[in-house]
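Have a look at the structure below before the remarks.
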Ligand SMILES: Nc1ncnc2c1ncn2[C@@H]1O[C@H](COP(=O)(O)OP(=O)(O)O)[C@@H](O)[C@H]1O
Ligand SMILES: [Mg+2]
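So, in structure tokens, the structure goes:
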């Protein structure tokens, strides 16, 4: 007993200390190696060196398939796969304990097919399980053919210790390479999407041949090159957002985010946390979250419906614009931000300023360049072109082959006053594509409101004798009467609602009803 102890003392301290110092060194190298294959080689290499074996194999469990796959390291570049219940590796996987086999071919557990695949002759094997830090077995580590004598208890301990370190590095590398693959996929996906988006949102997407639209395209292009704030005004559906995107995607900021914030949909209490930032502890259960302002960093922040921002929020926004820094709610330090601002509204901000609902200083900040989108009825000549564009786009999407519009249908579309502008036209075309029974969209396929206006106009025209041109004023009056009648019948005579639909004050409507004798 005493001599045994002495013998161990005499032999071990040196080699064991050496081995474990080596292990420390290996461990740090393992952790810096992120390439899975190289990591396998490194582990196998070190194992064979320190236990004086010929080779090492690492088997990883493929849970989904119930297979072990092994990369035979050192010399043979072969990958083997087999049922995870087979062989010495399978036995270790099941038992969860190290296993030393002194004569492989005499062990009933040995699975000789592996040798025949690799062309290698296994004599003796030391196998240990590979476990995750949570002690879940995910593979088996084997060293084969000790050069002299048998695998010792020391060898077993060393290989197990090495396996424990290796397991962590292998798991990290696996996760890492998964992440790397996924990230690569994402990068490619992103590039494709970006190209698509960039192509989609240039001034080419702003269709129209009328002078007003051409001017807007030119203005958008010139503005895009600069960093100045832009205010885009116009009725709903006139292409404000489309123009804002065109500015962004034609600007040097195009590779950075375009972040749109709908100010109208922001409850007053959320403005700060949405635009700026929130950190845990500020509101219970809220994680630190990047505000929109911060996520637009380097890019463009599009403040849609800016006219609907509360005065409090306007004050905060103004401060950020002046300081170009974001102070987190409850945060410690302000974060510098570089955003280009584009704001849009369908309101008359000058009017809003007069009524003390909009800050003049904010208005001046935003209104460096002003782009005014025309209502569709101001650019009627572009209706056919736009209608055809939407027809092409949506008939493909909806999956109906519709070639075009009849002459009458186009006339009706052109004559309508389009309170919802280009968006309404787009929806009308979509609806007609679905309803059309022919390969062309006919008048009958259009909405009632469009047809009513159309019926009214020919009547007005036929009531004037040929050659005797109706004056602009008369036609406008007729149209006005028609619209008032529509609104009144739509609201079943509710004058307040009718006034709202028509964009008139209550008194304004009463005056007109009286003037045109429409009171009852
Ligand atoms: N000049 C245009 N050419 C082609 N499509 C347009 C044009 N203007 C607007 N659109 C389309 O009309 C719809 C409404 O435009 P949008 O920019 O959302 O309007 P707004 O922001 O002014 O309400 C969108 O589908 C947009 O692509
Ligand atoms: Mg909009």
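In the working numbering, the protein residues as written are -14 to 505.
By construction, the Cβ of each residue, glycine as well, lies at the ideal position given by its N, Cα and C atoms.
All values reported here derive from a predicted model rather than from experimental measurement.
- Here DSSP, grouped into helix, strand and coil, assigns residue 389 to strand.
- Judged by DSSP secondary structure, residue 493 falls within the alpha helix (DSSP H) whose first and last residues are 491 to 500.
- Here the alpha carbons of residue 2 and residue 82 stand approximately 25 Å from one another.
- Relative to the non-hydrogen atoms of ligand 1, the Cβ of residue 412 never comes closer than 6 Å to any of them.
- When secondary structure is reduced to three states using DSSP, residue 250 falls in the helix class.
- For residue 220, the shortest C-beta to heavy atom distance toward ligand 2 is 6 Å or greater.
- Residue nearest to residue 115 within the set 459, 308 and 80 is 80 (criterion: CA-CA distance).
- Every alpha helix (DSSP H) stretch that sits fully inside the segment 52 to 94 and reaches 4 residues is listed by chain position as 72 to 80.
- The three-state secondary structure of residue 402, taken from DSSP, is coil.
- For residue 225, the distance from the CB to the nearest heavy atom of ligand 1 is below 6 Å.
- In this structure the segment 333 to 340 does not lie against the segment 274 to 287, because fewer than three pairs of beta carbons, one per stretch, are closer than 8 Å.
- In this structure, residue 428 places its C-beta atom within 7 Å of the C-beta atom of residue 393.
- The alpha-carbon separation between residue 321 and residue 358 amounts to approximately 33 Å.
- Approximately 6 Å separates the beta-carbon atoms of residue 109 and residue 86; this is inside 8 Å, confirming the contact.
- Residue 214 sits close to residue 353, with the two beta carbons spaced by under 7 Å.
- Between residue 151 and residue 327, the C-beta spacing is not below 7 Å.
- Around the beta carbon of residue 461, fewer than 16 other beta carbons sit within 10 angstroms, so the residue counts as exposed.
- Of 228, 142, 70 and 242, the smallest CA-CA separation from residue 5 is found for 142.
- Apart from the 5 residues on each side of it in sequence, residue 287 sits with its Cβ closer than 6 Å to the Cβ of 229, 245 and 327 in its chain, given in chain order.
- Distance between residue 467 and residue 402, taken at the CA atoms: about 11 Å.
- Under the three-state reduction of DSSP output, residue 289 falls in the strand class.
- Within the segment 324 to 402, the complete alpha helix (DSSP H) segments of 4 residues or longer fall at 334 to 339, 345 to 351, 368 to 383 and 392 to 400, listed in chain order.
- Between residue 18 and residue 24, the C-beta spacing is below 7 Å.
- When secondary structure is reduced to three states using DSSP, residue 21 falls in the helix class.
- By the Cβ-count criterion, residue 137 is exposed, with fewer than 16 other Cβ atoms from all chains shown falling within 10 Å of its own Cβ.
- The bridge partners DSSP lists for residue 47 are 52.
- Distance from the Cα of residue 35 is smallest, within the candidate group 44, 10, 298 and 97, for 10.
- A direct Cα-Cα distance of roughly 16 Å separates residue 107 from residue 113.
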